[in-house]
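A short write-up of the structure that comes next.
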Amino acid sequence: MPVSPSSKISFGIIFFIMIFVIMVNLTTLDLKSVNAQKGSEVVIEKANVDEKDKLVVVSNINLQNIPKTGMLKVVGVINGEGFIKDISLDKFDETKKKLKVNFVMNKDNEFVSAGKPDEFFVCAYHLKDFTNNHNSLPYFDCDEGDLAGSDATTISRLFNAKSLVYDKSAYYYNMKSPSQETSFATLEDGYTSMEDGYTSMEDDEYATSNSILDNNNVKQDYNNKNTINTKEEDVYSNNSNKPVKVKIIVPMDDKKDAQKIKIMAMLKGQIKSEVIEDVQKEFDKIGGYTIERVFAFDRNTDMGPIQIGDRFHACVIGQDLNPPEGSECEKKLIKYLDKPNPLAAR
0 MPVSPSSKIS FGIIFFIMIF VIMVNLTTLD LKSVNAQKGS EVVIEKANVD
50 EKDKLVVVSN INLQNIPKTG MLKVVGVING EGFIKDISLD KFDETKKKLK
100 VNFVMNKDNE FVSAGKPDEF FVCAYHLKDF TNNHNSLPYF DCDEGDLAGS
150 DATTISRLFN AKSLVYDKSA YYYNMKSPSQ ETSFATLEDG YTSMEDGYTS
200 MEDDEYATSN SILDNNNVKQ DYNNKNTINT KEEDVYSNNS NKPVKVKIIV
250 PMDDKKDAQK IKIMAMLKGQ IKSEVIEDVQ KEFDKIGGYT IERVFAFDRN
300 TDMGPIQIGD RFHACVIGQD LNPPEGSECE KKLIKYLDKP NPLAAR
């Protein structure tokens, strides 16, 4: 029996509605997997990613003292890969106390096969005000540690109450203002004046000691932390567009047979890298076994201008660096805006 035109139209409408409902459900599932809010916790992860046979690093970010405004930039270098995630906090409920950011990647790549105790780092920067970020050192925290293993989930912690990462940068930032006569000699590159009191993740930026806090009044509530202003007479003009440079030094005397390495550097949310395809050829070129690379970073970033006291990280990655580690990372504070800041990365 022939189908009437009105029946054809009805079938078409029903079919369209079915397809629409299916697509809406799929989209909703995808969004939930990206930004799932459960109780006081928010989870950020890629949608529809199978973590089986992958290397997984979970960054637990404490939001208790973080105002739910502005943006949180989470960056990391893990297993030779760079990650940058921009997370808007404006839609987060004030009751949210914890943010979990999942980093998932292949265990093996062209540079290295992940394993314990390969090193990595993750940092988070919070910018509250997008229009007035040129005269302050935005609140941030970093965690450098070792992978728990290729088959285990590694946990990183940021904005822990005992973290002194930001306090050290803020202290150096303030002490280097021309109006301050106090020397910063007690907190040099290795931070040897402060002993570890908190050894989780082997991060030397955690301590139970309150000496730096008591002496310098640096540890304050978050709102004060985020508004440490440049002194009026600060000679390091924030209007400068000159790039800030870091020089990564890679001693290789103990790895003279290495074939290929990758050098990575991160400064204020920017990641730079270079691959040395033929290490032996590089040795011949420089006539030695210490490789150096200079990376230039834009002074003005979406987190505000790079300042004296900002912290930068560097990692060297290569299978031939094993043992002890296929990925080795180090960190240091920015001391110069007009010349390269050196850092030995292994």
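Mapping of the sequence shown onto numbering that gives the first Met the number 0: position 29 corresponds to residue 28, and the numbering continues sequentially without gaps. We treat Cβ as the ideally placed atom computed from N, Cα and C, and that holds for glycine.
Between which two residues does the beta strand (DSSP E) carrying residue 281 extend?
Your numbering for residue 281 matches position 282 in the sequence shown. Where residue 281 is concerned, there is no enclosing beta strand (DSSP E), although the alpha helix (DSSP H) it sits in stretches over 278 to 285.
For residue 89 and residue 308, what's the separation of their Cα atoms in angstroms?
Your numbering for residue 89 matches position 90 in the sequence shown. Your numbering for residue 308 matches position 309 in the sequence shown. The straight-line gap from Cα to Cα measures roughly 28 Å.
Quick check: the segment 265 to 281 against the segment 70 to 82, are at least 3 beta-carbon pairs closer than 8 Å?
yes
Three or more C-beta pairs below 8 Å linking the segment 281 to 291 and the segment 157 to 172
no
Can you tell me whether DSSP reads residue 254 as helix, strand or coil?
Stepping through the sequence shown from its first residue, residue 254 is reached at position 255. Looking at residue 254 - three-state DSSP - the assignment turns out to be coil, as it is neither helix nor strand.
Buried or exposed for residue 137, going by 16 or more other Cβ atoms inside 10 Å?
Counted from its first residue, the sequence shown places residue 137 at position 138. With 16 or more other Cβ atoms within 10 Å, it is buried.
CA nearest to the CA of residue 102, picked from 122, 77, 319, 150
Locating residue 102 in the sequence shown gives position 103, where the first residue counts as 1. Nearest of 122, 77, 319, 150 to residue 102, Cα basis: 77.
Count the CB pairs spanning the segment 319 to 329 and the segment 294 to 302 that are closer than 8 Å, and state whether there are at least three.
no
From residue 323 to residue 87, what does the alpha carbon distance come to, in whole angstroms?
Here residue 323 refers to the residue found at position 324 of the sequence shown. Here residue 87 refers to the residue found at position 88 of the sequence shown. Their backbone Cα atoms lie some 39 Å apart in a straight line.
If we ignore side chains and look at the alpha-carbon of each, how far apart do residue 250 and residue 115 end up?
Stepping through the sequence shown from its first residue, residue 250 is reached at position 251. Stepping through the sequence shown from its first residue, residue 115 is reached at position 116. So the two alpha carbons sit approximately 22 Å from each other.
Counting only runs of 4+ residues fully inside the segment 264 to 337, write out the alpha helix (DSSP H) ranges in chain order.
278 to 285
Considering only C-alpha positions, which residue in the set 94, 274, 118 is nearest to residue 148?
For this step, residue 148 is matched to residue 149 along the sequence shown. That would be 118, whose Cα lies nearest to the Cα of residue 148.
If you follow the beta strand (DSSP E) that residue 351 is part of, which residue opens it and which one closes it?
Since the first and last residues shown for the chain are 0 and 345, residue 351 lies out of range.
For the beta strand (DSSP E) containing residue 75, name the first residue and the last one.
The count along the sequence shown starts at 1 and reaches residue 75 at position 76. It spans 70 to 77 - the beta strand (DSSP E) in which residue 75 sits, taken as one unbroken run.
Residue 257 versus 279, 343, 43, 44, residue with shortest Cα-Cα distance:
Numbered from its first residue, the sequence shown carries residue 257 at position 258. If we check each option's Cα against that of residue 257, 279 comes out closest.
Does DSSP classify residue 52 as helix, strand or coil?
Numbered from 1 along the sequence shown, position 53 holds the residue referred to as residue 52. Coil at residue 52, not helix or strand.
Per-residue DSSP class, three states only, for residue 160
The residue you call residue 160 lines up with position 161 of the sequence shown. Three-state DSSP puts residue 160 in coil, outside helix and strand.
Is it buried or exposed for residue 60, if we count other Cβ within 10 angstroms and need 16 for buried?
If you number the sequence shown from 1, residue 60 lands on position 61. By the neighbour-count rule (16 or more Cβ atoms within 10 Å), residue 60 is buried.
What do you reckon, are the CB atoms on residue 293 and residue 339 nearer than 8 Å?
The residue given as residue 293 occupies position 294 in the sequence shown. The residue given as residue 339 occupies position 340 in the sequence shown. Yes, Cβ-Cβ distance for residue 293 and residue 339 is below 8 Å.
Straight-line gap, residue 197 to residue 140 (C-alpha atoms, nearest Å)
As a working mapping, residue 197 is identified with position 198 in the sequence shown. As a working mapping, residue 140 is identified with position 141 in the sequence shown. Confidence in residue 197 is poor, its pLDDT being 28 and thus under 50, which makes the residue's placement too unreliable to answer from.
Is the beta carbon of residue 165 sitting closer than 8 Å to the one on residue 332?
Residue numbering aside, residue 165 sits at position 166 when the sequence shown is read from its first letter. Residue numbering aside, residue 332 sits at position 333 when the sequence shown is read from its first letter. No, Cβ-Cβ distance for residue 165 and residue 332 is not below 8 Å.
Would you call the CB atoms of residue 75 and residue 126 closer than 8 Å?
Taking the sequence shown and counting its residues from 1, the one referred to as residue 75 is at position 76. Taking the sequence shown and counting its residues from 1, the one referred to as residue 126 is at position 127. Not a contact, by the Cβ cut-off of 8 Å.
What does DSSP give as the partner residues of residue 343 in its beta bridges?
Walking along the sequence shown from the start, residue 343 turns up at place 344. The partner list for residue 343 (beta bridge, DSSP) reads 248.
Pull up the distance between the alpha-carbon of residue 335 and that of residue 49, whole angstroms please.
Here residue 335 refers to the residue found at position 336 when the sequence shown is read from its first residue. Here residue 49 refers to the residue found at position 50 when the sequence shown is read from its first residue. Cα to Cα, the separation comes out at about 44 Å.
Alpha-carbon to alpha-carbon, residue 247 and residue 142
One-based indexing of the sequence shown puts residue 142 at position 143. One-based indexing of the sequence shown puts residue 247 at position 248. Whole-angstrom Cα-Cα distance: 20 Å.
Grab me the residues of residue 104's own chain with a C-beta within less than 7 Å of its C-beta, minus the 5 sequence neighbours each way, in chain order.
For this step, residue 104 is matched to residue 105 along the sequence shown. Closer than 7 Å at Cβ, skipping near neighbours: 53, 54, 77, 78, 80.
Work out the CA separation of residue 169 and residue 266 for me, nearest whole Å.
Within the sequence shown, residue 266 is the residue found at index 267, counting from 1. Within the sequence shown, residue 169 is the residue found at index 170, counting from 1. Cα to Cα, residue 266 sits roughly 16 Å from residue 169.
What beta strand (DSSP E) runs, 3 residues minimum, are completely inside the segment 96 to 156?
97 to 105, 118 to 126, 138 to 145
Is there a Cβ of chain E sitting closer than 8 Å to that of residue 313, yes or no?
Note that chain E does not occur in the displayed structure, where there is just one protein chain.
Just to check my reading of the structure: residue 120 and residue 41 have Cβ atoms closer than 8 Å, yes? What is that Cβ distance to the nearest angstrom?
Position 121 of the sequence shown, counting from 1, holds the residue named residue 120. Position 42 of the sequence shown, counting from 1, holds the residue named residue 41. Not really, about 22 Å apart at Cβ, beyond 8 Å.
Measure the alpha-carbon distance for residue 100 versus residue 283 and round it to whole angstroms.
One-based indexing of the sequence shown puts residue 100 at position 101. One-based indexing of the sequence shown puts residue 283 at position 284. Cα to Cα, residue 100 sits roughly 43 Å from residue 283.
State buried or exposed for residue 304, treating a residue as buried only when at least 16 other CB atoms are found within 10 Å of its CB.
To locate residue 304, count along the sequence shown from 1; it is residue 305. With 16 or more Cβ atoms within 10 Å of its Cβ, residue 304 is classed as buried.
Start and end of the beta strand (DSSP E) containing residue 85?
Here residue 85 corresponds to residue number 86 of the sequence shown, with the count starting at 1. From DSSP, the beta strand (DSSP E) with residue 85 extends over 80 to 87.
Quick check on this structure: which residue in 66, 107, 342 has the alpha carbon closest to the alpha carbon of residue 310?
The sequence position of residue 310 within the sequence shown is 311, counting from 1. With distances taken between Cα atoms, residue 310 lies closest to 342.
Comparing alpha-carbon positions, which option in 345, 96, 325 lies nearest residue 106?
As a working mapping, residue 106 is identified with position 107 in the sequence shown. The candidate whose alpha carbon is nearest that of residue 106 is 325.
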